[in-house]
């Protein structure tokens, strides 16, 4: 994936021509639901309209964050399979539901089995890539994404997976390029997909400290798909990066008005705390803990946030480590490796922590938080030169990250022997 | 300009894709046979069904036989039953959009093309159909936006040139509609060059040359149009569109018998109602009223032949009735029905013409304003506008439009060019009389 050599397209989102305005007030998924229902009426004996309906419900989950649509999707799939048992299109929707619910190992297994049966189906490689990325098997993910792009150069699902992998490999520029290429191919009617892509691009910008660029992209996303929860979450991150905590609170309150997740509850609690609204923050943290703990053993959990909570505000590093171990047993993606490393570090298991953070950074990922954690772990291991290097990387990568202030302070406190590593005279 | 030309455009747009679909007319049957064998052997081969559907569409284009479109639909549905949610389904999905265009279901065509785009296959071809559908729906700005996106950063140089051909030939039509006839001609010349340089199928080259001829004819450049039609026929002997185009030229040159011969040849290939109507008009001009009647009967026969024909030829029939002052209320009903599904300038024009013939002058005035809104320079539009304004008593505007029609092409139609001249003379005489009276009164 690192070796992709495609023409670099500029990221002038605003210049993209809108060929046609959306012709209907319904969202794309709602339109598809209507079409599929009409097709079912016309052809109740065919499985494909039921698959289309199931797919539309899955897309509706992404539009609304309401997971109950999965149940409707599954009901449609049951009818589809009654008509044509195990048909491929139905199986693919089933796979999408598994991925959406975070059942990555099962999804990977099913995707591989279907891929063996139908090796020319591009999306099946995409599902393999999705599951493998989530599980941290980046080689497998890369191979699958490369297949997609080789089979159909420039296909959008392939480009989006490629962009995700490039970001994980630390190739921010390459990731932007792929996102941009994918975006430029989307039709103006694909409003949610456009907004989703812009939101991803914004997150990428924000990870490199480009707050204005991120906000501009998010504003475009809001225009494309007003009220999109993912975009609102992104805007809240922008306000947090600007230290405009009250604005972040407002945005997250707005976001949580419908179908809040444990993750979005955590974000709100953090924003409230930063905004100095301690009473409300206490309530919000309690809400978060209640909802997140109910999901600890579920596949679609908020364990990453729970680990972070117990390592900080929750002051229960042992519980954090317990949850981190549960997570690392099932997946080795960079975020899980980092969370585990940080839990080990706070529990004073520095050797183990160093091993895990090294595994995460070895992938090539460039995230300010990871570098900060690596710096702290190195400090605890008295490797001041490495620590200084990591802190500097964290600050340089994103001067406005959550960890930037702490990284600066830690860098200042390092003993003079690391001055050389800091580049001081 | 007849909008069937665009129907042909979108077909070319899609069929210029996979090499096996570039089969020439005489090879289409062989292609269908081989694809039938392929899907029989591999019944789960969605790509095979998609290719078969496209081949039936090609066959339908060659024969204008609606049965081929039904077969195409069956094959494409089968393909999409097998695989529909994957970039590899984009071709079948796009072909469904093409089929909808053929059947004049423009909203459906737009929806299918958007569906194809949403699959994100990396192939921009669905933009062509989206643009065509939008143009037929009267959204010319949207169509231009869609055509602009007919390009790809991927693929070979030939493929990129093919997209540039698709873009230029379509944008040419939009330029024409926007009133930039010379710009349209230049773009079409460029499309012809690209078609030749990239060794496109001869039929595609022939179509481009024919289309260039159409634009030139409308611009009044009859001799150059003649060359374009002849070049088209040289590339693709017996090509019915070029035969009909050349027939128009011959009629405008007063060579009616040559026109008769050419129209008969075209109708023998593909019996389009507009060809039969034009041939009937020549017979009428020649005083051969029985022959004219036979052709006029044929117009209705073709237009009512089967479900698809009734959908496709609504507007042709509305125009035919209005042109020949028969079944005027039916003409109006057809035109109004057409406007429900097609809101381009030519549908407004036919509606305006039919309203005039039904003595609904204010509505005709509104409809012709819609038809003229884009600034299109087409003698037929100007003629209709002139006649409507004359009836409305707006002689200045009537004079202007009739004059413009005749200036563009003094022989733009076998009978209506003369009608326009007579109307213009009548208005001029009337105005002279009024002026004389005014001078008299002043003394």
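Protein chains in written order, with our numbering: chain A, 546 to 970; chain B, 39 to 481.
A virtual CB, placed ideally from N, CA and C, is assigned to each residue, including glycine.
Below 8 Å on the Cβ atoms is my contact criterion, and I expect residue i with residue j to pass it. Report the Cβ-Cβ distance as a whole number of Å.
i	j	result
residue 710 of chain A	residue 690 of chain A	6 Å
residue 632 of chain A	residue 643 of chain A	Actually they are not in contact, since the Cβ atoms of residue 632 of chain A and residue 643 of chain A sit about 17 Å apart, beyond 8 Å.
residue 767 of chain A	residue 776 of chain A	6 Å
residue 159 of chain B	residue 700 of chain A	5 Å
residue 922 of chain A	residue 898 of chain A	5 Å
residue 151 of chain B	residue 173 of chain B	Not a contact, Cβ separation roughly 12 Å.
residue 266 of chain B	residue 276 of chain B	The Cβ separation is near 17 Å, so there is no contact.
residue 932 of chain A	residue 959 of chain A	6 Å
residue 396 of chain B	residue 367 of chain B	7 Å
residue 980 of chain A	residue 780 of chain A	Nothing can be reported for residue 980 of chain A, as the shown portion of chain A is limited to 546 through 970.
residue 226 of chain B	residue 253 of chain B	6 Å
residue 628 of chain A	residue 577 of chain A	Their Cβ separation, rounded to whole angstroms, is 19 Å, which puts residue 628 of chain A and residue 577 of chain A out of contact at 8 Å.
residue 816 of chain A	residue 833 of chain A	About 12 Å separates the two Cβ atoms, so there is no contact after all.
residue 650 of chain A	residue 680 of chain A	7 Å
For chain B, find out if any of its Cβ atoms is closer than 8 Å to the Cβ of residue i; answer yes or no.
i	result
residue 634 of chain A	yes
residue 957 of chain A	no
residue 721 of chain A	no
Consider the Cβ of residue i: report whether some Cβ of chain A lies at a distance smaller than 8 Å.
i	result
residue 491 of chain B	This structure cannot settle anything about residue 491 of chain B, because the visible part of chain B is limited to 39 through 481.
residue 59 of chain B	Residue placement at residue 59 of chain B is flagged as unreliable, the pLDDT there being 29, under the threshold of 50; a coordinate-derived value is accordingly withheld.
residue 188 of chain B	no
residue 478 of chain B	no
Alpha helix (DSSP H) containing residue i: first to last residue?
i	result
residue 127 of chain B	Neither: residue 127 of chain B is in no alpha helix (DSSP H) and is coded neither H nor E.
residue 591 of chain A	Segment: none, residue 591 of chain A is in no alpha helix (DSSP H) and carries neither H nor E.
residue 795 of chain A	790-800
residue 370 of chain B	366-379
residue 223 of chain B	219-235
residue 745 of chain A	736-752
residue 91 of chain B	84-101
residue 1000 of chain A	Outside the modelled stretch of chain A, which goes from 546 to 970, sits residue 1000 of chain A, for which no answer is possible.
residue 936 of chain A	929-942
residue 422 of chain B	417-430
residue 155 of chain B	144-156
residue 208 of chain B	195-215
residue 948 of chain A	Careful: residue 948 of chain A lies outside any alpha helix (DSSP H) and carries neither H nor E.
residue 274 of chain B	Unbroken run through residue 274 of chain B: none, as it is neither H nor E.
residue 911 of chain A	Note, residue 911 of chain A: premise wrong, no alpha helix (DSSP H); not H, not E.
Under 7 Å between beta-carbons, which chain B residues line up against residue i? List them in chain order, please.
i	result
residue 734 of chain A	152
residue 637 of chain A	123
So which residues of chain A does residue i contact, with C-beta pairs closer than 7 Å?
i	result
residue 124 of chain B	666, 667 and 668
residue 159 of chain B	697 and 700
Under 9 Å Cβ-Cβ, which residues of chain A neighbour residue i?
i	result
residue 318 of chain B	Correct list: empty, because the minimum Cβ distance to chain A is about 40 Å.
residue 15 of chain B	The displayed coordinates of chain B run from 39 to 481. Any statement about residue 15 of chain B would go beyond what the structure contains.
Show which residues of chain B have a CB atom less than 8 Å away from the CB atom of residue i.
i	result
residue 730 of chain A	155, 158, 160 and 162
What are the residues of the stretch 580-599 of chain A that lie near chain D, defined by any Cβ-Cβ distance shorter than 8 Å? Absence of chain D from the displayed structure is noted, the protein chains being A and B.
Taking 8 Å as the threshold, find out whether the stretch 228-243 of chain B comes into contact with the stretch 427-446 of chain B through three or more Cβ pairs. no
Check whether the stretch 711-720 of chain A and the stretch 180-195 of chain B are in contact - that is, three or more C-beta pairs closer than 8 Å. no
Does the contact criterion of 3 or more C-beta pairs under 8 Å hold for the stretch 158-165 of chain B versus the stretch 183-190 of chain B? yes
Closer than 8 Å is the cut-off here; do at least three beta carbon pairs connect the stretch 120-140 of chain B with the stretch 593-600 of chain A? Touching, yes.
When you compare the stretch 90-106 of chain B with the stretch 580-593 of chain A, are there three or more beta-carbon pairs, one atom per stretch, that lie closer than 8 Å? no
Take every Cβ of the stretch 403-423 of chain B, pair it with every Cβ of the stretch 216-226 of chain B, and state whether three or more of those distances are shorter than 8 Å. yes
With contact counted as at least three CB pairs below 8 Å, one residue from each stretch, are the stretch 87-100 of chain B and the stretch 65-78 of chain B in contact? yes
Using 8 Å as the threshold, is the stretch 911-918 of chain A in touch with the stretch 722-729 of chain A, meaning 3 or more CB pairs across them? no
Does the pairing of the stretch 797-811 of chain A with the stretch 832-851 of chain A give three or more beta-carbon distances under 8 Å? yes
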